[in-house]
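For the sequence shown, UniProt numbering gives the first residue as 1, with consecutive numbering after it. Cβ coordinates follow ideal geometry from the N, Cα and C atoms, glycine included. Being a predicted model, the structure only gives us computed values, none of them experimental.
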Amino acid sequence: MNYTVRDLGGVREVELRGQLTFEANDDFRQIIEGMEKDGIAECVLNLGGLDFIDSAGLGLLVLANNAGHRASVQLKMKHPRGQVRDMIEISEFHTIIPCEF
């Protein structure tokens, strides 16, 4: 997984690319740590560049959601496509983390 972070005011957008699997654990935890420490109000995970997500990737999203709650950061997802969108819809993850399809 690769990612790009952009901050606009109190909103952070993280564009994820590649595969969100266990191998992305270290990088994704850096995203979470930044979200907790940097005093942002909202974090948007742009999933449009992700090609694949598995159960470990969904688990990382749960960790991000929990961290957001602890830090009072509103977490959102946007633009999942293909297999990533299917996994989010099948698991009903959009009921846990708001998602703009």
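Going by other Cβ atoms of all chains shown within 10 Å of its Cβ, with 16 needed for buried, is residue i buried or exposed?
{"i": "residue 64", "result": "buried"}
{"i": "residue 12", "result": "buried"}
{"i": "residue 46", "result": "buried"}
{"i": "residue 88", "result": "buried"}
{"i": "residue 8", "result": "exposed"}
Which residue from the options puts its Cα closest to that of residue i?
{"i": "residue 96", "options": "5, 6, 62, 70", "result": "62"}
{"i": "residue 31", "options": "92, 86, 60", "result": "60"}
{"i": "residue 27", "options": "37, 4, 10", "result": "4"}
Kindly list the residues whose CB is nearer than 8 Å to the CB of residue i, restricted to its own chain and excluding five residues on each side of it in sequence; keep chain order.
{"i": "residue 48", "result": "15, 78, 79, 80, 81"}
{"i": "residue 21", "result": "1, 52, 53, 54, 56, 57"}
{"i": "residue 91", "result": "58"}
Which two residues bound the contiguous alpha helix (DSSP H) that contains residue i?
{"i": "residue 54", "result": "Premise fails: residue 54 is in no alpha helix (DSSP H) and is neither H nor E."}
{"i": "residue 86", "result": "82–90"}
{"i": "residue 33", "result": "25–37"}
Given residue i, which residues of its chain have a CB within under 6 Å of its CB, disregarding the five upstream and five downstream residues?
{"i": "residue 104", "result": "A query on residue 104 cannot be resolved here, the shown segment of the chain reaching from 1 to 101 and no further."}
Name the one or two DSSP bridge partners that residue i has.
{"i": "residue 6", "result": "13"}
{"i": "residue 45", "result": "14, 77"}
Under DSSP, the beta strand (DSSP E) around residue i begins and ends at which residues?
{"i": "residue 77", "result": "74–78"}
Looking only at its chain, what residues have a beta carbon closer than 7 Å to the beta carbon of residue i, apart from the 5 residues adjacent to it on each side?
{"i": "residue 43", "result": "12, 14, 35, 68, 73, 75"}
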